[in-house]
Every structure is written in C-alpha cells, then in structure tokens.
C-alpha cells in the first residue's frame, strides 16, 4: 500500500507541475495573479522531498530509475522557469507570500543531507545527486588544467591526469585540492592583477590515495604579445601591464630583478608529468584561447620551477650541505663556549679563546669611544647612505610580489618622490670615495712620520678583514639558506643564487667577480667589494706619487678622473644604458648598465680619486683656516650640487617619460661627482673643526653605526 501511495502522489504532482508549466508558457500568469509560479516552486520542493522519502521505502535500483526521471522533470521545469520574463520573476519574488514556507522546506531537505556530507565512499542517494550537480557546475565554470593535452605527453602522465579528472568529477578531496590550488582568472585584470600563483602549499600537500603520484606545483611564464595596430588592445595592454613600469620578457634573468612584464601562472599537476609536458599543454591551451583575438602568448616552464614536496629536502641535503651545517654548528658552539669561559674565568684568560667571546666582541662593537685620528663625520655619512641603499634594494625586491592592484601601484611609484629608490647607484659612490680617503689619509700619515709603506702587508690585512665574513655569507647562502624556506619563486631567487655560488664562489673570494657580469655573479650585491678591493690596489701607488711629486700627480689624477667621467658618458650613449631606474626601463637595460659600467672599476674611478685627493688635502691642510666667504661659497655650491644630483633626474621617474640617452649619459657622468662633492665638503670642513657637531654629535643614532666593521656586516646582509 505504501508503494501505491507514493506512486499516486508522485503522478498527481507531476500532472499538476505539467499543467502549471503549460500555463506559464501560455502567459496565463498576470501581474495580479502569480500564484502559479509560487505554487510551481512549492511543488518542485515537494517533488524533491518526496523523492528523498521514496528512496527510503523501496528497492535501490528502482529508486535510481525514478530519481533520474524526477531529476529530469525538475531540470526541465527549471529551464522553462529560467527563460521567463525577469521583471515578472522579480515581482513574483516580492509578492509571494509562500516564499518563507518554501525556503523552510528546502532547508529541511538539505539539513537531512548535511550529516552525511564528506563521506566519499558510502554516499546516500542525495549526496550522489549533490556531487553530480556540484561537479557539473564546477567544471562548467572553472575547467581544470590538463597537462596530458600535450602532443608528446607520456602514457603515465595521461593515465594519472585521467585519474585526476575522474576523481575530480567524483569530488574527491585530493583531486579537489589539485584543482583548487591551480591559478584561475581573477578580477582586477585591468588593474594589473595578472600574476596568479595559485596555492603552493595546498598543491604540495596533495597525495593520491594509492600513492601513485603527488601534487606537483609548476610556475608557468607567459609572455603576452599584441597586435600593435589595434588601438583597443594597446590601451588594454597598457593597463594590464601596469604602464610597463619594468619591461621584460621571460628570457631576461629573473633572480635579481623581477620580470615585471611576464605573467606568472601557477598550476598543480600530477608529479608524473614533466615540465616540458606542462609547457606543451599550456602552449596548446593558450593558442586555442587567444586564436583570432590579436593576442598571442608565449609559454615557458623551467625545470626548477616544477616542485614536489619531497624535493624540498632530499635533493638539497647533500654532502656539501652537511659539511657547511657542521661548520656553523661548530662555530656557534665555539662562540658559546668562549663566552662562558670569559664569564666564569676571572684571571689569566687565554687571549685566543676570549677572541671568540660574544661578550668581548659585543662590547667592542658597541664601544662609542673615538679612536685617534678618527674622522667622526664619516660614520654619519656611512649610515645615511647605507640606509638609503637598503631602502633601494628592498624596494626592488617588493616587485616580486603579486599585487592585485599593480596598475594603481605603478601610478603611485610614477611620482617624483620615488627618486629615493630610483637613484640607488648614487648611494655606493660615497663608500668608494671614503675608501680612497681613509686609505690615503692613513698611508700619507705614515709617510709624514717617516715610516715606510708595506704594500704587501696592507693587501694581506685587507684580505683578512673582508674574506672571513664574505666567505661565511657565501657558505650560508649557498648551502643553508635554500633549506630554510620554499615557495613559488624560491627556486627562482634563492636556489638559483645558490647554484651560481656553487660554481663561481671562488671569483668572490679572489675579488674578481665583478668582471664576469651581473647575471652569473654569486651574491650580486657584493659587487662593491670587488670594485673597492681592485681600486685599493692603486691607493698605495697614488699616495706615494702624491708624496714624491704632488703637483704632477695631482694633475695626472685629475686627468684620470676626467677620462673615467668621459668613459661613463660615452658607454651610456653608445649602448643605451641608464644608471637611473627610470619609469619603463627594461631588465636587460639594467643588466647591461651593470655589466658595461656600474660594476667596472674604471668607470667608478672618478669618485675614488676624489677620495684620494680628499685624504691628501686633510693631511696637508690640517690647520687651514677658512674665511666666512669661503665657507658660504663652499656650502652653497655643495648643497646645489647635491640637490641637482638627487632631484635633477626626478622627471625620469614620470609615468610618461621616454628614454633619452643624452639625459642618461649626463646623469651617469656627473651625478656621482655632484653627490660626492657635498659629502667631501662636509668631511673637509668637519675635520677642520667647523661643523662637526652638526653632523655627528647631535645625531646620537649615527654614533652607533660609526664602527666600520658594523657597516660592512650591514652591507653584506
């Protein structure tokens, strides 16, 4: 009897449903009589509810057949209702008095299912229905990336991809995670939100239940190219590419300066698929997607940019890494032991052990007592330029991040105030000048006292001061740092630098790494140490010549400085370089500027000679008295040169700036001179006792950084 009862009720409801649909189709529903549609939706809810109860009473196979029929009827009803007049539907929603009752019925139906959701093996009928609907809707809106579509995809990749798609349709959690962690088109495209990294950690956490494969995260590089004849595409591309703040392509080095124009797209694929298969599949996908649009998309996937969870440690923990780790553990153990020894040992302390004590070394570093012949204001100048340099370097690193409002950010950084970060090349020039100054000042003082210059001893002493911290930094960044993190771009920046250092670390310790280009340089920020060391080799020669033949040597040094200045101008014009990071500069242009000018000592010789001459003047004019007129002229001239050097190129940071090689050449040739002239005047007048309190004693924070060793470590880090 129960069976007949359910059959009768179901048939009755189906007949009523068909009648109402026929009425709706004929336009029977008037503005003041829309009960049909409200009743239609109630019947739909009842049909679904009865289907649920139906499944609990009769045979499973018979239920499956009837549910298919009911679902078909329900879907047909939904399709018919969906194409009705939208305004009438809106009015009906507002006027229906049965809306709350309908919602309650539907909520009750769904509540009956909620207790069993999440069971992937023993679905009841309603869960299976929900899975089918959700799967269909999900795949319809966000179709998964299929690496097996590559023309030369391996059989294993095809099998595992097919398995992923099969279980994704079944809404299995591991397959859902793979699909969910892949990048998808987001909002804000015209605001520069084109870099979609997906979810790196979620992808690496995926593991197929039978352990046939794991989730593999691949970062795909996409390089868009548009039809330049289309005004629409050019305008859209201008917004999408954030006005081309940095121009690049994926053939440019990306480990030091971000490839701003390249689109980064993260996908999660089975670990059995190779990076070449991912590249081939993405190429086919982009070709089909962009065909006929006037847009083409180049695709590249690097092997190291496809990562699996197990590779984070097993491939990097080699013999060299173990040795490096042991070295640092032993060293830290020595520091702690020496510190405890000094703390508990009251007398007859061994000087070799105490030399490693953290207590003693911390006191020495923080000691603010001035040393004899110390030029106090130099420490403040070091601090100012060091902080400006750090700001510039960190600002460049920020552009690796995937900003959702990158175009708005580009509009912001296209302002004059960004000269602070764009003039990064200026901030290393005072360090080069002060290196020449201090070396000449020290050596010339010895000559004045009748002492000999022991050149070989000077070179060895400098090597022993710089090589240990530099070597420790190389060792840490090469073998330890790659193990301390992971991420979509970790291999691009950290691991790539590590690989370069494994091959070319010896260049750094020989201080010749700046002659081999920026792209293949271990720890690119240490280029200054190579330049400074090579220029240091000339300092004893220059100092001795100034001691023996002052006038001739002075004229010779001025001539050398002029030649170096002219060389900067010439190479900038002929190779279209730019020592200033103007708006729209390209990554290749920045690397060329470094390789052909910025990291070569011959092109940095001008400011070093300025330092050599300044050290010479500080010795021979130690008791020189300046008149008020001389002081005023000197201050006005030095301040004007400083402002011109710093703010003069500010228009080059404008969003509408067009590169001009003459502008760039003038800046490259003259700005280092103007910038260093100000600090040279500050040092000269302070040493004579005119304004030392203004630049050192009234800035207590600068006292802390006056130690040369602290500044070196700060620069290395």
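Residue numbers (mature numbering (1 follows the signal peptide of the UniProt record, and there is no 0)): -23 to -1, 1 to 694.
C-beta atoms are modelled at their ideal positions from N, C-alpha and C, and glycine is treated no differently.
These figures come from a predicted structure and were not determined experimentally.
Beta-carbon proximity of residue 538 to residue 587, cut-off 8 Å
The residue you call residue 538 lines up with position 561 of the chain shown. The residue you call residue 587 lines up with position 610 of the chain shown. Remark: C-beta atoms of residue 538 and residue 587 approach each other more closely than 8 Å.
Nearest CA to the CA of residue 265: which residue from 314, 466, 581 and 126?
The sequence position of residue 265 within the chain shown is 288, counting from 1. Closest option to residue 265, Cα to Cα, is 126.
Close Cβ partners of residue 384 (< 6 Å) along its chain, the five nearest in sequence each way excluded
Working through the chain shown from its first residue, we reach residue 384 at position 407. Contacts found: 168, 169, 216 and 219.
When DSSP labels each residue in this structure, what does residue 500 get in the three-state scheme?
One-based indexing of the chain shown puts residue 500 at position 523. Three-state DSSP puts residue 500 in coil, outside helix and strand.
Is residue 223 helix, strand or coil by DSSP?
Sequence index remark: in the chain shown, residue 223 carries index 246 (1-based). Residue 223: strand per DSSP, three-state reduction.
Alpha carbon to alpha carbon, what distance is there between residue 614 and residue 659?
Taking the first residue of the chain shown as 1, we reach residue 659 at position 682. Taking the first residue of the chain shown as 1, we reach residue 614 at position 637. Taking the CA atoms as reference points, residue 659 sits about 12 Å from residue 614.
Reference residue 254, options 235, 277, 315 and 303, closest by Cα
Counting from one through the chain shown, the residue named residue 254 turns up at place 277. Per the Cα distances, 277.
Just to confirm the assignment, what range does the alpha helix (DSSP H) spanning residue 605 have?
Position 628 of the chain shown, counting from 1, holds the residue named residue 605. Segment 605 to 624, the alpha helix (DSSP H) holding residue 605.
For residue 72, which residues of its own chain have a beta-carbon under 6 Å away from its beta-carbon, when the five flanking residues on both sides are left out?
The residue labelled residue 72 in the question sits at position 95 within the chain shown. Per-residue confidence for residue 72 stands at a pLDDT of 40, beneath the threshold of 50, marking its modelled position as unreliable; the derived number appears in the next sentence. Exclusion of the five residues before and after residue 72 leaves no residue of its chain whose Cβ lies closer than 6 Å to its Cβ.
Assuming residue 638 contacts residue 549 under a Cβ cut-off of 8 Å, what Cβ separation, rounded to an integer in Å, is found between them?
For the purposes of this step, residue 638 is taken as the residue at position 661 of the chain shown. For the purposes of this step, residue 549 is taken as the residue at position 572 of the chain shown. Between residue 638 and residue 549 the beta-carbon gap is near 7 Å, inside 8 Å, which marks them as a contact.
Tell me the DSSP bridge mates of residue 270?
The count along the chain shown starts at 1 and reaches residue 270 at position 293. According to DSSP, which records beta bridges pairwise, residue 270 is partnered with nothing at all.
CA-CA distance, residue 772 and residue 224?
Residue 772 cannot be examined here, being either before or after the span of the chain that is shown, -23 to 694.
Buried or exposed for residue 407, please, with buried defined as at least 16 other CB atoms from any protein chain shown within 10 angstroms of its CB.
As a working note, residue 407 is residue 430 in the chain shown. Counting other Cβ atoms within 10 Å of its Cβ, residue 407 reaches 16 or more and is therefore classed as buried.
Would you report the Cα separation of residue 208 and residue 142, rounded to the nearest angstrom?
Looking up residue 208 in the chain shown gives position 231. Looking up residue 142 in the chain shown gives position 165. For residue 208 and residue 142, the distance between alpha carbons rounds to 40 Å.
Please classify residue 487 as buried or exposed, where buried requires at least 16 neighbouring CB atoms within 10 angstroms.
For the purposes of this step, residue 487 is identified with residue 510 of the chain shown, where counting begins at 1. It is exposed - the Cβ of residue 487 has fewer than 16 other Cβ atoms within 10 Å.
Use the C-beta contact count for residue 163: other C-beta atoms within 10 angstroms, 16 or more gives buried, fewer gives exposed.
One-based indexing of the chain shown puts residue 163 at position 186. Exposed: under 16 other Cβ atoms inside 10 Å.
Using only the alpha-carbon positions, how far apart do residue 386 and residue 378 sit?
Working through the chain shown from its first residue, we reach residue 386 at position 409. Working through the chain shown from its first residue, we reach residue 378 at position 401. In this structure, the straight-line span from the alpha carbon of residue 386 to that of residue 378 is close to 12 Å.
Below 8 Å on the Cβ atoms is my guess for residue 240 versus residue 171; work out the distance and round it to an integer in Å.
Your numbering for residue 240 matches position 263 in the chain shown. Your numbering for residue 171 matches position 194 in the chain shown. About 5 Å separates the two Cβ atoms, so the contact holds.
Output the residue ranges of the beta strand (DSSP E) runs that lie fully inside the segment 259 to 337 and measure 3 residues or longer, sorted by chain position.
For the segment 259 to 337, whole beta strand (DSSP E) runs of length 3 or above, ordered along the chain, are 272 to 277 and 283 to 285.
Using the C-alpha atoms, what's the distance from residue 110 back to residue 54?
Start at 1 with the first residue of the chain shown, and residue 54 comes out as number 77. Start at 1 with the first residue of the chain shown, and residue 110 comes out as number 133. With a pLDDT of only 35 at residue 54, under 50, the local geometry of the prediction cannot be trusted, and the value read off the model is given with reservation. Residue 54 and residue 110: Cα-Cα distance of roughly 16 Å.
Mapping DSSP to helix, strand and coil, what is residue 162?
Residue mapping note: residue 162 aligns to position 185 of the chain shown, counting from 1. Three-state result, residue 162: coil.
Considering residue 589, what are the terminal residues of the alpha helix (DSSP H) in which it resides?
The count along the chain shown starts at 1 and reaches residue 589 at position 612. In this chain, the alpha helix (DSSP H) harbouring residue 589 covers 582 to 597.
Sequence-distant residues of the same chain with beta carbon closer than 8 Å to residue 261, five excluded per side
Translated into the one-based positions of the chain shown, residue 261 becomes position 284. Counting only residues of its own chain and dropping the five nearest sequence neighbours on each side, residue 261 has a CB closer than 8 Å to the CB of 126, 127 and 128.
Identify whether residue 412 lies in helix, strand or coil by the three-state DSSP scheme.
The residue you call residue 412 lines up with position 435 of the chain shown. The answer is helix: DSSP assigns residue 412 an H, G or I state.
Identity of the residue in 282, 397 and 556 nearest residue 640 by Cα:
What you label residue 640 is simply residue 663 of the chain shown in a count that begins at 1. That would be 556, whose Cα lies nearest to the Cα of residue 640.
From the DSSP output, in three-state form, read off residue 576 for me.
Against the chain shown, residue 576 aligns to sequence position 599. Three-state DSSP puts residue 576 in coil, outside helix and strand.
Measure the alpha-carbon distance for residue 648 versus residue 569 and round it to whole angstroms.
Sequence index remark: in the chain shown, residue 648 carries index 671 (1-based). Sequence index remark: in the chain shown, residue 569 carries index 592 (1-based). Computed Cα separation, rounded: 19 Å.
Under 8 Å, do residue 193 and residue 131 count as touching if we go by C-beta distance?
The residue you call residue 193 lines up with position 216 of the chain shown. The residue you call residue 131 lines up with position 154 of the chain shown. Taking the C-beta atoms as reference points, residue 131 is found no nearer than 8 Å to residue 193.
Suppose contacts are defined by Cβ-Cβ distances below 8 Å. Is residue 474 in contact with residue 500 by that definition?
Indexing the chain shown from 1 puts residue 474 at position 497. Indexing the chain shown from 1 puts residue 500 at position 523. In this structure, residue 500 lies closer than 8 Å to residue 474 by Cβ.
Could you give the distance in angstroms between the alpha-carbon of residue 414 and the alpha-carbon of residue 592?
As a position in the chain shown, residue 414 is number 437, starting the count at 1. As a position in the chain shown, residue 592 is number 615, starting the count at 1. Their backbone Cα atoms lie some 4 Å apart in a straight line.
For residue 242, count the other beta carbons within 10 Å of its own beta carbon; 16 or more makes it buried, fewer makes it exposed. Which is it?
Within the chain shown, the letter at position 265 stands for residue 242. With a 10 Å radius around the Cβ and a threshold of 16 neighbouring Cβ atoms, residue 242 comes out buried.
Closest to residue 366 by C-alpha separation, out of 399, 393 and 342, would be which residue?
As a working note, residue 366 is residue 389 in the chain shown. Per the C-alpha coordinates, the member of 399, 393 and 342 positioned closest to residue 366 is 399.
Rounded C-alpha distance that separates residue 87 from residue 228
Indexing the chain shown from 1 puts residue 87 at position 110. Indexing the chain shown from 1 puts residue 228 at position 251. Residue placement at residue 87 is flagged as unreliable, the pLDDT there being 35, under the threshold of 50; the coordinate-derived value follows with that caveat. Between residue 87 and residue 228, the C-alpha separation is close to 54 Å.
For residue 690, three-class secondary structure by DSSP:
Position 713 of the chain shown, counting from 1, holds the residue named residue 690. In the displayed model, residue 690 falls within a helix according to three-state DSSP.
Which whole-angstrom value describes the C-beta separation of residue 147 and residue 183, a residue pair presumed to lie in contact below a C-beta threshold of 8 Å?
The residue given as residue 147 occupies position 170 in the chain shown. The residue given as residue 183 occupies position 206 in the chain shown. Rounded, the Cβ-Cβ distance is 15 Å, inconsistent with contact.
Which partner residues of residue 562 appear in the DSSP bridge assignment?
Within the chain shown, residue 562 is the residue found at index 585, counting from 1. According to DSSP, which records beta bridges pairwise, residue 562 is partnered with 223.
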